[in-house]
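Undergrad: In this note's numbering, the protein residues as written are 10 to 254.
#1: Using the beta-carbon count (16 or more within 10 Å), is residue 198 buried or exposed?
#2: With contact counted as at least three CB pairs below 8 Å, one residue from each stretch, are the region 215-234 and the region 162-178 in contact?
#3: Please report how far the alpha carbon of residue 64 lies from the alpha carbon of residue 212, in whole angstroms.
#4: Runs of 3 residues minimum, wholly inside the region 67-106: which ones carry the beta strand (DSSP E) assignment?
#5: Looking at residue 31 and residue 22, is the spacing between their C-beta atoms short of 7 Å?
#6: Tell me the DSSP secondary structure of residue 127 in three-state form.
#7: Which term fits residue 50, buried or exposed, when burial requires 16 or more other beta carbons within 10 angstroms of its beta carbon?
#8: For residue 246, which beta-bridge partners are listed by DSSP?
#9: Measuring straight from C-alpha to C-alpha, what distance separates residue 124 and residue 225?
#10: Can you grab the Cα-Cα spacing for the pair residue 45 / residue 52, in whole Å?
#11: Just list the residues that DSSP pairs residue 26 with in beta bridges.
#12: What three-state label does DSSP hand residue 118 in the structure shown?
#13: Need the endpoints of the alpha helix (DSSP H) that residue 54 sits in, please.
#14: Nearest to residue 104 by alpha carbon, out of 147, 162, 15 and 83?
#15: What does a CB cutoff of less than 6 Å around residue 186 pick up in its chain, not counting 5 residues either side in sequence?
#16: Using a Cβ-Cβ cut-off of 7 Å (strictly less than) and excluding sequence neighbours within five positions of residue 85, which residues of its own chain qualify?
#17: Identify which residue in 151, 175, 27 and 33 has its Cα closest to the Cα of residue 13.
#18: Checking 7 Å against the spacing of the C-beta atoms, do residue 72 and residue 102 come in under that value?
#19: Following the continuous beta strand (DSSP E) through residue 20, name the residue where it begins and the one where it ends.
#20: Between the Cα of residue 87 and the Cα atoms of 11, 122 and 136, which residue gives the shortest distance?
#21: Measuring straight from C-alpha to C-alpha, what distance separates residue 158 and residue 243?
#22: Could you give the DSSP three-state label for residue 41: helix, strand or coil?
Structure (C-alpha cells):
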C-alpha cells in the first residue's frame, strides 16, 4: 500500500508498536517523523531499515516536555511541509493498586500516557486544521474501558480511561476541521510492556505468547483506519486477542 504522499509522526517510535508502525508506513513510502526519548533506539531503527535522509526526521525528547514537543513538531512541518498522521504510541505501564502505587509512579504514568498525547496533539492539530485534513490515532487499552484488576495496573488503567476521554473530546472539536481522531483499544500485545509484569504475574508460556496480538497486528489495524473512506470515521476499534480465552 502506498503512503508516498503522506507524512506520519509517530511517538514512542524506537520499539514495539511504534517501530512496527514506522516500518509499515515507511515501506509504503511515507515520510517519517519519529519521536522517542531513546536517541540510540531511533538511530538503530533508521539504520535497520535504511531509510534515506530525505524520508525521515528523528527527535529524541520526553513527550511530557511541552517546549521540546512544540519544537520537534515545528521542525517536522518546516522539513516536510505538513503532518498527515499523528500516531500517539509512547507509554509506560507499572504494576500496582491503590496501596502499592506511589506518587512518582502515578504521576509518571499519567504524564507520559495522557499528557504526552495531549501535548503532541496540541502541537500537531493547528497544522491539520490549516490543511483541512489529517488523522490522529491514539493507542489505548482494554483497561481504558474496564476497571483494572484489584491491586494491579491502577495508574495505567486510569491513564487509558483518560486517553479515551481525550480521543472523544478531540474528535468532536476537530470534526469541523476535516480531521478525524480515533483510538485503538488493545488487549494483550506482545511487546516489552509485558516484561514489567513478569515479577508480579510470572512469565508467559510460548503458547500464551502465540495467542497475544503482535505489534504487526496493531500496525495492520492502524493502516485499515488510516486508509478508510473519508465518509467513514472509525471512532474506536477494539482489537482483541480473541484466542486468549
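The beta-carbon is built from N, C-alpha and C at its ideal position, and this holds for glycine as well.
TA: Checking against the coordinates, here is how it stands:
#1: buried
#2: no
#3: 39 Å
#4: 94-97
#5: yes
#6: helix
#7: buried
#8: 193
#9: 26 Å
#10: 11 Å
#11: The partner list for residue 26 (beta bridge, DSSP) is empty, contrary to what the question assumes.
#12: helix
#13: 48-58
#14: 162
#15: 138
#16: 18, 42, 66 and 92
#17: 33
#18: no
#19: 16-20
#20: 136
#21: 28 Å
#22: strand
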